Structures are given as structure tokens and as C-alpha cells.
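Below: the structure, in C-alpha cells.
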Amino acid sequence: MAEPDENDATRTARAVVVALLGAGVRDVVVAPGSRNAPLSFAVWDAAAAGLLRLHTRIDERSAAFVALGLSRTGAPAAVVCTSGTAVANLHPAVLEAAHAGVPLVVVTADRPARLAGTGANQTTDQVGIFGPLVETRDVGADGPPSWVTLWLDDGPVHLNVRLDEPLLPAAPWRLADEDLATSTRHEVDGPRWPTHHSPLDPGPRTVVVAGDDAGPPARLLAQAAGWPLLAEPSSGSRTGTHALRAYRLLLDTDLGRSIERVVVAGHPTLSRPVTRLLGRDDVEVLAAPARGVWAERPFEVDTHLDGAAPHPEQQAADPAWLEAWVAADRSVSRQLDALLGAEPGLTPYDVAGAVARAVPPQGLLHVGASSPIRDLDLMLHGWRVGARRKVVANRGLSGIDGVVSTAIGAALGRPGSSRALALVGDVTFLHDANGLVLGPGEPEPDLTIVVVNDDGGSIFSMLEQGAPAHADRFERLFATPHAVDLASLCAATRTPHWRVDSLPELEQALASPNGGIEVVEARVRRHDRRALDERIRALRP
């Protein structure tokens, strides 16, 4: 309820917070600023009333990725910042949310409309700053609103809030009964999986490809039809007896070449063999809808399905088809383990396998882009259905920015998580090292961040630019060695740090978490990574 002496900025800010609460937002991340002061005070008062949880960050980019992580594993979250370049720092997280279909509310304070188009301090054109992929609502452009409506779908929404002086409230906000009733009118729904499609012909030799965020329907379809499941770690489908560990090593074999049909769910991005499979002229592709702003697939789709969930009357295929894949997967997996076991020292694959084994039932694992998620893809196996382990990653645009902050947000957002881990590369870690900066009293998860440190970007060594012909310029242009002392960096933020150089040391560190955020640095070599991966790709059943 409005107090008689409320100013326009206070009324507008409180209307925005009521709209956030009404849309199901329960976490708000605030970056400090002057123009967003009315919003910050309103968020503080709502948090004091127990209606939401407040987080603060000194860096807007980190704040946005924390909100992204919170939204990915829990209720939709919001990030609040001041005007000017602060808004531009939100863009990477907003793009990730748009392409991954993650509901996120971006609240940017702006100068009043009368200052638009002038050289006023910290004033730029913020309406539509995130481009055509994100809806912008210009709140307060025509004066202070008495209310603001906000409905969240899959993806981000931008509230650009124009605030004029005075920027401070006359008194704390004591939310009235009508405010509370409005703020709780919309409950947050759980995952919305599309209804099942018609039964599919079990005859063609079919595999199910589950990309990021495919969810349980892909696994259920593979089980019902008796088809092999090629599931990425962050698919939400990588459990059960049909999920193959070494599928990408099998696609260039005679068995892979005999595939006649593929059912695609989620957003597959990890594997070139899968990309080649989906581009084959002799393979029929059926695709379920994926989240994100672009509905079109980057490959030709023969049939669009309503969803990946199996029809109750789905018939099973010839069991010999699945048995052949399971046998081949078992053979290649044994060879892979033997190959890695014979390697001297600690390999990135050893690290990924140890981290996967350390995730307990109900646990959460956030994985960075580039090599770590691909290493995990070969090492993740044996997870049973129903243990509720969850793997998440920023696969909307597969960037390395903001991963530490996203992991912290994801760990804070998942209710009931028994433990959270993150697996990231060293360049990814350095790219968002300021994500470790948390002020006193800030909500802090129990999160172990495992940094695979090979002093550079090893993923490029496996690509074309890593060929020997480019060795004279590879280090400077792509590997980018940094020689950063991660222990000292962690000490600067008072983050506990352990360095390990062997698998037993790593397993011991993972088995003994100390609570709060901690960093385990696993030192691996990079000079022979290309050769190791060539030997792995050469494995055959």
C-alpha cells in the first residue's frame, strides 16, 4: 500500500518488486548503483518480509550469471543494476538465457524520459539494448505506474525502469495485505514436458540423441522402444541401461553407419560425430521441440514431433539392435579405461571421471564449456534412474564466460541438493574468477569447484588449428598460456584451495569437502593432449 509521502521513484520501484513476486521470482541479485537505489531499497524490504532472498554482487556480469544459475535450477530469478555500461555487462548472461530458454528477469534502472537523447551522466539508449531476441518493457516512460504486470515464459524479459529524483524512500516499505496477496498469486510450475507423440515405427534402425535440456522423455522413449540413447551429460537423460558412455566413438564405425533414423530431443552441441550423423542424407531425422528463441534446427528435419515422450502403445524394436550397441559400448569403454590407466600422471579424463563419481544422489554438477564437458561425456556412466543427480551447463551459446558465477547460482537455486560440484577449465575459471568475490553475510552454497589446469586452452589442440603445421603460432593465438598462480588468486578472495597432481589426491580432496565454496586445482599436462585424443578416437569395438 502506498504511503502518502512516497515519491514517484519509490512507487515505481515497489510496483516492479510486487510484479516480480507475482511472477514467481524468489531470488533477486542486486549490483550497487545510485539510479537503481529505489529498486534496491524495495528489494531489501521484500527480503526483510521473507518474500524473497537477496544477493548482492559488485560486478554486473557476475550478478547476471548468478541469477541465470538460480533460474536454471530453481524458481525464476531477477538481476537488478544501474544505468549505463552496467546494463551492457548483463548481455552475455541474457544471451545465454535467451538461447537456452531460461526464464530470467533483467531489471535495469534508467534515467527519466526527459533525459533521453541527451548527454546526461550514465545515460544511453537502454530500450531494446539486448536486441530483438529479448522483450523490453519500458516501465515509467509515461510516469510512475500504479502497478506492473509480468508474466514469465521460457527465456529472459527486460524491465527498463525509468526513475527520477528523489531516489530514496521516505520510510521503509511495510508490505500490506494486498501486496502479499498480489505477490503470491502465481505459483512457479515445474518442468513442462510436451505430451507424447504417436507411436513410432519400431522397424528402422534408430537411435535417440538427447542434447542439453532434453529431459527424462528422451530416456523414456529409448527404454520403451529399445533404442540406444546418445545422451549428453547435461541432457537430463544420461541415466539407465540405454544410455551409452562412448557413443561418439561408435558413430564412425560400421555400427554407426548402419543407423537409419534419429530422434532428437534437446539441444545437441558437443560432438562432431553427432553433427555428421544428423547431416547424413541417408538418415531420417525426427525432432522434438527445444527451448530457446530460435526454433529452427541447424540440420534438416524430416518430421517435427510434439515431444519426445513415448506413446503408451509404443512397440519395441528388435532387441538385437540395442544389444549390438551395448556390447560395442562396453568393449570401447574397457579399452578407454585401459588406455587412460596406462597414461603417466593425471589426465583431464581422470579428473572428469573422479568428479562424476563424487556426485552423490540428489547432488548437482555444473560443467564448463570447451574440454571439461566433452571429457565428462566420455567418463560419465553408471548413474541409476531415480537418484536425482543433476548436471547443468551453459549450452545455449556454450560460452566460457560467467561459469563460476552460474555454478554458484545453480548451487544456491536447487532445493534439497545434497552437494554441488563444478568442473571447469583453467581459462574458464580465470574468465570469471571475480565470481568468487562474495561479501560478508551473502548466501553461500557448499560448492567444490574443480579446475582442470593445463595452463591454457587445450581444446584448440584437438581442432584444425592444433595441427603441427600451425605449431609456430599455436601457443600465442590459441593455447594462451597464462602462468597464473591459482592458489594466490584464491587466497585473495579467502577461498580455500587445494592443488592435486594425482588421482588418489584428487579423490581424497573430493571425498572431504569443507563446506562453503572451495577450489580444487588439478594439474594436468597439455603438450600431448592432441596425441591422446587421436588414440582415443581410434578405439574400435
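Using full-length UniProt numbering, the letters of the sequence shown correspond one by one to residues 1 to 541.
Where a beta carbon is used, it is the ideal one built from N, C-alpha and C, also for glycine.
Predicted model, so just to flag it, every value in this text is computed and none were measured.
9 Å Cβ cutoff met for residue i and residue j
{"i": "Thr73", "j": "Gly409", "result": "yes"}
{"i": "Thr10", "j": "Pro169", "result": "yes"}
{"i": "Gly140", "j": "Ala214", "result": "no"}
{"i": "Gly402", "j": "Ala93", "result": "yes"}
{"i": "Asp212", "j": "Ala411", "result": "no"}
{"i": "Val424", "j": "Val450", "result": "yes"}
{"i": "Ala31", "j": "Asp8", "result": "no"}
{"i": "Arg219", "j": "Ala231", "result": "yes"}
{"i": "Leu447", "j": "Gly345", "result": "no"}
{"i": "Pro204", "j": "Asp377", "result": "no"}
{"i": "Leu244", "j": "Val157", "result": "no"}
{"i": "Gly292", "j": "Ala64", "result": "no"}
{"i": "Gly508", "j": "Ser418", "result": "The sequence shown places Gln at residue 508, not Gly. No."}
{"i": "Arg374", "j": "Leu270", "result": "yes"}
{"i": "Ala97", "j": "Ser62", "result": "no"}
{"i": "Ala49", "j": "Leu175", "result": "yes"}
{"i": "Ala354", "j": "Leu380", "result": "no"}
{"i": "Ala309", "j": "Pro217", "result": "yes"}
Residue(s) in a DSSP beta bridge with residue i
{"i": "Arg523", "result": "Asn453"}
{"i": "His55", "result": "Val29"}
{"i": "Arg499", "result": "Glu521"}
{"i": "Arg261", "result": "Thr206 and Glu284"}
{"i": "Arg137", "result": "Leu159"}
{"i": "His366", "result": "Val392 and Ala422"}
{"i": "His304", "result": "Ala287"}
{"i": "Asp110", "result": "Arg162"}
{"i": "Ala243", "result": "Leu229"}
{"i": "Thr448", "result": "Leu421 and Glu518"}
Collapsed DSSP secondary structure at residue i in the structure displayed
{"i": "Thr253", "result": "coil"}
{"i": "Val403", "result": "helix"}
{"i": "Asn160", "result": "strand"}
{"i": "Gly128", "result": "coil"}
{"i": "Thr269", "result": "coil"}
{"i": "Pro191", "result": "Legend: pLDDT at Pro191 = 49, less than 50; position of this residue unreliable, no value from coordinates given."}
{"i": "Leu230", "result": "strand"}
{"i": "residue 553", "result": "This structure does not reach residue 553, given that the chain is present from 1 up to 541, and the question cannot be answered."}
{"i": "Val209", "result": "strand"}
{"i": "Ala531", "result": "helix"}
{"i": "residue 597", "result": "A question about residue 597 goes unanswered here, because the residues of the chain that appear run from 1 up to 541."}
{"i": "His186", "result": "For His186, the predicted model reports a pLDDT of 42, less than 50, meaning its position is unreliable; a value from the coordinates is still stated below. Residue state, collapsed to three classes: coil."}
{"i": "Thr275", "result": "helix"}
{"i": "Asp375", "result": "helix"}
{"i": "Val437", "result": "coil"}
{"i": "Leu397", "result": "coil"}
{"i": "Leu463", "result": "coil"}
{"i": "Asp8", "result": "helix"}
{"i": "Leu539", "result": "coil"}
{"i": "Leu104", "result": "strand"}
{"i": "Asp350", "result": "helix"}
{"i": "Leu343", "result": "It should be noted that the sequence gives Glu, not Leu, for residue 343. Coil, per DSSP."}
{"i": "Gly215", "result": "coil"}
{"i": "Leu21", "result": "helix"}
{"i": "Asp153", "result": "coil"}
{"i": "Phe299", "result": "coil"}
{"i": "Ala171", "result": "coil"}
{"i": "Met1", "result": "The predicted position of Met1 is uncertain, since its pLDDT is 44 and thus under 50; no value can be drawn from it."}
{"i": "Gly117", "result": "coil"}
{"i": "Gly409", "result": "helix"}
{"i": "Thr82", "result": "coil"}
Distance between beta carbons of residue j and residue i, contact taken as under 8 Å
{"i": "Leu506", "j": "Val520", "result": "7 Å"}
{"i": "Trp151", "j": "Arg14", "result": "Contact flag wrong, Cβ pair sits at about 19 Å."}
{"i": "Gly466", "j": "Thr480", "result": "No, Gly466 and Thr480 are not in contact; Cβ-Cβ is about 13 Å, not under 8 Å."}
{"i": "Leu305", "j": "Ala288", "result": "5 Å"}
{"i": "Leu159", "j": "Leu104", "result": "The Cβ separation is near 11 Å, so there is no contact."}
{"i": "Thr206", "j": "Trp227", "result": "5 Å"}
{"i": "Val209", "j": "Ala222", "result": "Between Ala222 and Val209 the Cβ distance is about 10 Å, and since that is not below 8 Å, they are no contact."}
{"i": "Ala113", "j": "Arg162", "result": "6 Å"}
{"i": "Leu20", "j": "Val28", "result": "7 Å"}
{"i": "Val16", "j": "Leu39", "result": "6 Å"}
{"i": "Ser461", "j": "Arg529", "result": "5 Å"}
Residue i: CB within 8 Å of a non-hydrogen atom of the ligand ADP
{"i": "Thr275", "result": "No copy of the ligand ADP appears in this structure; indeed no ligand is present at all."}
Practice task
Flag this pair as touching only if the segment 367–375 and the segment 419–438 have three or more C-beta atom pairs under 8 Å; answer yes or no.
Solution key: yes
Exercise for the section: Count the C-beta pairs between the segment 322–340 and the segment 290–303 that are closer than 8 Å, then say yes if the count reaches three, no if not. Expected result: no
Problem - Validate contact between the segment 100–113 and the segment 122–140 using beta carbons, cut 8 Å, 3 pairs - result: yes
Practice task
Check whether the segment 250–260 touches the segment 269–287, taking contact to mean three or more Cβ pairs, one atom from each stretch, closer than 8 Å.
Solution key: yes
Practice task
Check whether the segment 486–497 touches the segment 341–355, counting contact only when three or more Cβ pairs, one atom from each stretch, lie closer than 8 Å.
Solution key: no
Handout entry: the segment 440–455 contacting the segment 520–533, beta-carbon criterion three pairs below 8 Å
Key = yes
Problem - Sufficient close CB pairs (3 or more, under 8 Å) joining the segment 436–445 to the segment 325–336 - result: no
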